[in-house]
Amino acid sequence: MLELKNISKIYGGYPALTAIDLKIYPGQVHGIVGVNGSGKSTLLNILSGQRIISDTGGYRGDLVLENEPAAFADPGQAMAAGIGMVHQEFALIAGLSVSENICLSRENIYPWSERIFGRDLGCINPSANRARAVKVLGEMGVDLDPDILAGELGVGAKQFVELAREFNREGLKFLLLDEPTAVLGGQDALKLITIVKKIAARGIGVVYVSHRLEEVLDCCDRITILRNGRVVTSLENNPSGSPKTEHSQINKDKICALSHSMVGRTVNKTQRVETQRAPKDSAKRPILTLSSFSVEKPGDCLDSLDLDVFPGEILGITSLSGHGRSSMGPGIMGLYPVGGKVWFNQTPVFSFNPSQMIQKKIGMLTEDRRGQGLLLDHSLVENMTFSAIQAKAKFVKKSRLPFLRFPDTKQCLAYANSCQKLLNIDCRSVFQKAFELSGGNQQKVCIANALSMAPTLLFVNDPTRGIDVEAKESILALLIQAQKTHGMTLVVSSGEIDELKRICDRIVVLYQGRMVDVLPPDMTDADYLLACSGISKADPGSFA
Amino acid sequence: MAVFKRVPLIFVILCCVAFYYADMSFPFVLNQVITRFIRDGVMVLALIIPIRAGMGVNFSIVVGALCAQVGLILALDLGLGSISGLVFMAFTGVTLSVIVGVIIGLCLNRVKNREMITTIIIGFLATSIYQLVFMVGYGTVISPSNPEIMLSRGIGIRNMVDLELFRNLLDTLWLLQVGKIEIPVFMILLVAAFAVGVHYITMTRLGKQFTVVGQDHEKAMTLGINVGRVRIKAIVISTLIACMGHLFYILNIGMLNVYTAQMNTDIFSCAALFAGGATLVNARVGHAFLGILLFHSLFILSPQAGQNVFGNPALGEYFRSFVAYGTIGLALILNAKHRDLGHPNFSVSNQVIKNKG
């Protein structure tokens, strides 16, 4: 039995987990559900000894593994203790074959070589490994060529190989699955659930973290609901004998009950007043029209979307992660290959690249602030004016020589100072380096940079990701303000449905890259959770 | 991968052309190649494991070479000769190289993804420390027991030290004469033994760990592999092999050029490995052997060919350097290009645009 006693974890001053008590029994599938940021991943990280936990100050509380206190400083220790983990982002080595990956660090070696040179210098027996991989894949009922390179597999197949690697381990006592079906289609997800049940039947305790409530109900013996880092309730569940595609009424009721406890009561803070919302004027011509628009963003594809975006509105896009919510903006900006047709202001767009889009007054705020949004080693002034200087020749001194034009530091500084006041950026001075700021303030700098180009259409990806609660509110307020004062059109993608509901005029819900529904913001959270699981409001009882 | 097979092909063609113009007898060339093979063979093998562990070319094999030289000079200083001296210098060299190997490994763990430039600089640094010790330290701080190896002023080791005591100790062992071709069977077997050793390591669990770390050290870490340790092991093995390789090299030459013998060992070994078709991410024993054969054939032939065609032997000398650095440069650039092409976004984008655009 794996027991968690009073586990708490604090990230950067904010509690991610508070006093978690859990018992995971061998032979049971224990489902853990919760909305984004409820602490599911943190819990798994603690259990599997990921470095990020010890690097951020460790955790409080006790882990008890089979009546022995346990603490894992790195994943190797957790593995040695019999805790395996299947990662959301695949930990497969692309250049090794499927069988090598499955047997990794547990290779069969020729006994003579082990006797002479010891275990680490034992000569690997490839045919025995291959045979073992074939056997494991066979037991799992997965049809895969063991000699194919892992890098050449599709995402679904990768998930199975990853599972096979853990399945193959002797001495495995507990298996942690982090959203194992997030990348799988319907059939594959069912298959995976069958395998998970097989694993549990071997006496292994499985921790199954998922957003997909219907799956959790299908396979878990016990379900724990997390909200804001606390256990809300823990309930017994009787998984149906075989996973079903059809949703019985009982199941649907259960899903509704679950989604209600996941969401809990919400306190609305930044809320757009109804009068602020854009008038629903059907005669208005759309600013952006998409027709079977697809984006091939690795791990987050968008599949044939038909959508009109009207000037002056705030459009929300939401889905579970990996279902395509973050790919529309980058796709239109030309960061990923796209298909389909796009009209901007009634003119068709043929080629997609960032500088052209900026010229057309389309902007984007990326979710990867530190990686793509900011020049971390440069000052705030430079960060706020860089794109405008480069792409729009704003804040540039007049010069007779077109190739020799210098930035106008005075103008830059004036703009930066005004932004600092306007956006209320908490910094020592505008000459401070961007990496020194907190996430929220960095986001504000990104917003200042985007506003400097005066876009008419702005894509915003996960604006509040990794930002503390207070800053979240001010960011949201800023977005509303930008829309109001500049008459900007905003397309905001986020997994935080609650936030989208507060600022958006309508919200597009995606499932597996396809549009399920366009919902008004006054729908309940449970409706949204259903839509995120692919159940359309308009057509209940069927999957999108 | 097809791109890389071009490099050995270019070398084959160049060798044929050079052989045609050099007008040398085949047995002579072959003898020379065999000599070079036993001189440089082990050194090239030293590069294989760090490449497999994703650390790029370990230019700090120079440090391993210096360890060998230190062992050798100490043996001479103590007046040890013959087999006992050989054992002493091998032991000293290996001990030293393991120690510096660990230190280099620790350094490289701090500069992930910038290993190659770091190893180059470490090589320079070690060389200057070595020179400082033997040029200034000997005779001042360290008192020599063998005055013959000292400069006449009493401070510093001579530039050139004769290895009378060790001459022809290994080279002539089991010497086989086939027509005009001399085959030093023992030395060839020795190099082969090192090759088998390196190849064996690649087939072990440790070798698999090298591969995994080389492919993706973040994933390796989540899989519970101690990445830092594995990388240190790779560098230690490499430095150790380099030390032994340099020992064979000096013994084969029969003279120790105290301050310059280690020069260019890294560059030439690296060029030879690349000439055999190795890349920055993949190197095998086969690459090393093919590379030594091709690279050194060209090395032997090109000065003479230069003399015959242009009447200027210096041209051949320049050509040597050109070939060495050119090979490395070419391999590095081709490798970078290959990585770009291998990037998932890149390959996807081309397909999709073709299909849908």
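Chains as they are written, first to last, in the numbering used here: chain A, 4 to 547; chain B, 24 to 380.
Ideal placement from N, C-alpha and C gives every residue a C-beta, glycine not left out.
With the rule of 3 Cβ pairs closer than 8 Å, the region 509-528 of chain A counts as touching the region 304-311 of chain A. In the DSSP assignment, A:Thr227 falls within the unbroken beta strand (DSSP E) covering 225-230.
Assigned with DSSP and collapsed to three states, A:Trp115 falls in helix. For B:Tyr223, the neighbours in chain A by C-beta distance under 9 Å run, in chain order, Ser116, Phe120, Leu124, Cys126. For A:Met491, none of the residues of chain B pass the 8 Å Cβ criterion, the least Cβ distance being about 29 Å. Assignment of A:Asp520 by DSSP, reduced to helix, strand and coil, places it in the strand class.
Around the beta carbon of A:Gln362, fewer than 16 other beta carbons lie within 10 angstroms, which makes this residue exposed.
Close to A:Ile105, with beta-carbon spacing below 9 Å, lies no residue of chain B; the smallest spacing is near 12 Å.
In the three-state reduction of the DSSP assignment, A:Lys287 falls in the coil class. Less than 8 Å separates the beta-carbon of B:Gly116 from that of B:Ala91.
Within 10 angstroms of the beta-carbon of A:Leu195 lie 16 or more other beta-carbons, which makes it buried.
Here B:Ala218 is buried, its C-beta having at least 16 other C-beta atoms within 10 Å. Taking C-beta separations shorter than 6 Å and ignoring five residues to either side along the sequence, the partners of A:Ala485 in its chain run Met491, following chain order.
In the DSSP assignment, the residues bridged to B:Gln200 are B:Glu205. Interface criterion not met: the Cβ of A:Arg517 is under 8 Å from no Cβ in chain B. The C-beta distance from A:Ala451 to A:Lys364 rounds to 17 Å, too long to fall under 8 Å, and the pair is not in contact. A:Cys422 has its alpha-carbon roughly 16 Å from the corresponding atom of A:Ile483.
By the criterion of a C-beta distance shorter than 8 Å, A:Ser295 is surrounded in its chain by Ser307, Leu308, Asp309, Gly342, Gly343, Lys344, once the five residues flanking it on both sides are discounted. Between A:Thr59 and A:Tyr14, the beta carbon gap of about 6 Å places them in contact (Cβ cut-off 8 Å). Under the DSSP assignment, A:Asn464 falls in the beta strand (DSSP E) whose first and last residues are 460-464. No Cβ of chain A is located within less than 8 Å of the beta carbon of B:Lys203.
Cβ-Cβ distances below 6 Å link B:Thr350 to Ala294, Phe297, Ala298 in the same chain, with the five nearest sequence neighbours on each side left out; the list follows chain order.
Comparing alpha carbon positions, the residue from A:Tyr62, A:Ala73, A:His326, A:Val137 closest to A:Cys535 is A:His326.
Residue A:Lys436 holds the alpha-carbon nearest to the alpha-carbon of A:Leu378 among A:Leu368, A:Ser402, A:Lys436. Scanning the region 400-479 of chain A for uninterrupted beta strand (DSSP E) segments of 3 residues or longer gives 460-464, listed from N- to C-terminal end. Interface annotation for the region 128-149 of chain B against chain A: empty, criterion Cβ-Cβ distance under 7 Å. Counted as a single uninterrupted DSSP element, the stretch harbouring B:Asn132 is not any beta strand (DSSP E) but the alpha helix (DSSP H) occupying residues 105-132.
DSSP, reduced to helix, strand and coil, places B:Arg343 within a helical segment of the structure shown. With contacts defined by Cβ atoms closer than 8 Å, A:Gly30 and A:Gly208 form a contacting pair. Secondary structure within the region 226-265 of chain B: the alpha helix (DSSP H) runs of 4 or more consecutive residues, fully enclosed, are 228-238, 240-245 (chain order).
Cβ-Cβ distances below 8 Å link B:Ala306 to Leu70, Ile71, Ile74, Arg75, Leu296 in the same chain, with the five nearest sequence neighbours on each side left out; the list follows chain order. Excluding its 5 nearest sequence neighbours in each direction, A:Ile392 has C-beta neighbours in its own chain below 7 Å: Phe398, Val399, Pro410, listed in chain order. Taking the Cβ atoms as the reference, A:Met88 lies roughly 4 Å from A:Ser51, within the contact range of under 8 Å. Here B:Met278 is exposed, its C-beta having fewer than 16 other C-beta atoms within 10 Å. Residue-level contact by beta carbon fails for A:Met367 and chain B, as no gap is shorter than 8 Å. Three or more beta-carbon pairs separated by less than 8 Å link the region 18-37 of chain A to the region 205-225 of chain A, which places the two stretches in contact.
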